Structures are given as structure tokens and as C-alpha cells.
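Visitor: Numbering (the numbering used here), first residue to last: 15 to 358.
Idealized CB from N, CA, C, for every residue including glycine.
Note that this is a predicted model, so its numbers are computed, not measured.
Listed below in C-alpha cells is the structure:
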């Protein structure tokens, strides 16, 4: 070990001891500083930042424990070896507890002191290197985390763009519903936030709202755009769109949760919906939310065979169907909080 780069501060009120220890440390290649009291020791520590301090246990003025504490505040990596004329285990334990690296007894065995300093300096080196390594590792982790977050956000953006493109495809097939998917999504998100859905649930709700009618891609255009009342066969054909949508999305991993909305948004709270006649205990909350948003927008939107009804009438119908078609609690919140009002 190259010692000339290390500085040893000797703190003792006995001049003979500082002379003996100082001479020995110089011979071993260390730079030496000497202080005869705590205040001088602290001043030198602030000015020179010694790597090692040999601190006498009993000195006039500031006590050694207080000096030790302040030394560690100045430089936590400083090696402090307490030198004491009293071989007291309790004292030794107390100073180690306060941050001393070692406790040795007077008269000092110089060779043992040499080995103690070298051993503690090696420990100090390893601690500092480990701290630097940990810091670099944390920086690398932070960089990778930021990089991964950027990739994740980019992926989310791409996913949303894909979903919006699919929603555009739906509306291209059924032009009378232009804007329907977007409005249903807005209604759904407002209701979802109102009832405290998590961030992940809201994301699924957004995707599900935009894609809830994707199955209409598989419905005959003549049926979708018929200018008149549907026959029973045509209505049964329309009712297949949730199952068609479910099949369209079944192999898209990031749409696993939204698929449930696509498949379940025409189920009813009383179990009389389609395609699977699920009841209130089987319907997930996101499908229940979208079913309310979808029904309201469908009632108030123009269709080939009818004009959209007024907001007042649509809300009356929703109230009449609370607990049967709709989850009563969700429908009441949708109406009471006026979540049907969209920002322009």
C-alpha cells in the first residue's frame, strides 16, 4: 500500500506521546499533523481532511466522544482510532458505537498500531469503492429505468394510435355512428374516474370504449345502414357484433382487458342482455360503465331510421332501467353528476 498519500492527525495533550507517534508515522511514510486539544483537532480536520486520526481518550476541554462525533460529521470516511490509558470494555464499546474504528490501549505497541492503521485504511478503501460502485450502479439503473419508461410510453402511444385507427375503421363501416366511439369513451372515462377506477383500469376503459363496436366490421352494411326498422333476423345479426369483436381482438395481448368490454357492453344487469346473458354478479365494472355510456349516446344520436331523442327523454329512460338494464348505482352517479355533459 502506498502510504505517502495518507495523512495522520495525532490528538493528545502529552507532547512526548505526539512526538513518538509522529516520528513513527513519518518513518512509515505518512504525513503527520498534531493537535493537543479537541478544538485544534477539529480545525485541522476541516482544513486538511486527514484519512486517519489517533485520538486520546482523556483530554482537557472538549471530551473525546464529542470530538469523535464532530470528526465523523466533517469526514465520515475518516479512520478514528481511540488511544486510552484505561483498558475498559464499556468505554471501548461506547466509542465504537459512536463511530470509532478501533480502540487501543497505552502504552501503544507501534507495530500493532501500524497494522491497525493499514487494516482500517484497507477497509476504508473498500467502503469508498463500494459506495462509488453503488452510486454508478444506481445511475445506470436510473438511466435504464428512464430508457425503459421512454420505451413504455412510446409503446403506449403506439397502442393508443392502433386503437384509434381501429375505431376509425368501425366508423367508416357505419358512418351514422361517427364520433360515437369517441363520445362513449369520454362518458366512460368520466364515470370511471368518478367511481375511483385505477390508472390501469382507466386505460383499459379508454381502449374498450374506443373499440366496443369493433365487431360491427363483421356486420353486413345493408343491415347497419338500413333506413327502417330491423327484422328479427337482422336484429339477431346485429347482436353478433360483441362476439365478433371478441374474436377480432383475441390474439392482441395488450387488449386482453378491453376485450371483456367489447364482449360485455350489451349485457344487462338483470341477465337479459347478449351475447351471454350475464347478470350483475358476472359483469365486470368496466363493461357496466361502457353499457351506460353506449346506451345514452345511442339514444341521443341520429340513426338512419330515426332522429336522436332529447337528453331529457334519454335520462328518463335510463332512470326507468336502473337496476334492470343498468347498474343502478353507476347510472345514478352518471345522471346526478351530469357526466353526460362533454367538454366542447
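(1) Going by the beta-carbon positions, is the gap between residue 93 and residue 134 smaller than 9 Å?
(2) Where do the ends of the alpha helix (DSSP H) carrying residue 197 lie?
(3) For residue 348, which of helix, strand or coil comes out of DSSP?
(4) Could you tell me the distance, in whole angstroms, from the CA atom of residue 77 to the CA atom of residue 108?
(5) Figure out for me which residue from 152, 96, 142 and 106 has the closest Cα to the Cα of residue 122.
(6) Does the beta-carbon of residue 88 have 16 or more other beta-carbons within 10 angstroms, so that it is buried, or is it exposed?
(7) Helix or strand or just coil, what does DSSP make of residue 94?
(8) Relative to the alpha-carbon of residue 185, which residue among 233, 138, 203 and 144 has its alpha-carbon at the smallest distance?
(9) With distances taken between CB atoms, is the gap from residue 284 to residue 197 smaller than 9 Å?
(10) So, helix, strand or coil for residue 116, using DSSP?
(11) So, is residue 318 buried or exposed, given that buried needs 16 or more other C-beta atoms within 10 angstroms?
(12) Taking the alpha carbon of residue 258 as the point to measure from, which residue in 244, 274 and 216 has its own alpha carbon closest?
(13) Per the contact definition of three or more C-beta pairs closer than 8 Å, is the region 338–353 in contact with the region 290–302?
(14) Would residue 21 pass as a contact of residue 62 if the rule is Cβ separation under 9 Å?
(15) Starting from residue 172, trace the alpha helix (DSSP H) in both directions and tell me its first and last residue.
(16) What is the DSSP secondary structure of residue 245, counted as helix, strand or coil?
(17) By the 10 Å Cβ neighbour count, where 16 or more other Cβ atoms means buried, how is residue 357 classified, buried or exposed?
(18) What is the rounded straight-line gap between the Cα of residue 118 and the Cα of residue 32?
(19) Can you tell me whether DSSP reads residue 100 as helix, strand or coil?
(20) For residue 205 and chain D, any beta-carbon pair shorter than 9 Å?
(21) Below 6 Å CB to CB, which residues in the same chain sit around residue 205 once its five sequence neighbours on both sides are set aside?
(22) Are residue 225 and residue 174 closer than 9 Å when you measure CB to CB?
(23) With a Cβ-Cβ cutoff of 9 Å, do residue 176 and residue 229 count as a contact?
(24) Which residues bound the beta strand (DSSP E) around residue 21?
(25) DSSP state of residue 263, grouped into three classes?
Guide: So, from the listed chains and residues:
(1) yes
(2) 194–208
(3) helix
(4) 13 Å
(5) 96
(6) exposed
(7) strand
(8) 233
(9) no
(10) strand
(11) exposed
(12) 274
(13) yes
(14) yes
(15) 124–187
(16) coil
(17) exposed
(18) 15 Å
(19) coil
(20) You won't find chain D in this structure, because it holds only one protein chain.
(21) 303, 348 and 353
(22) no
(23) no
(24) 21–25
(25) helix
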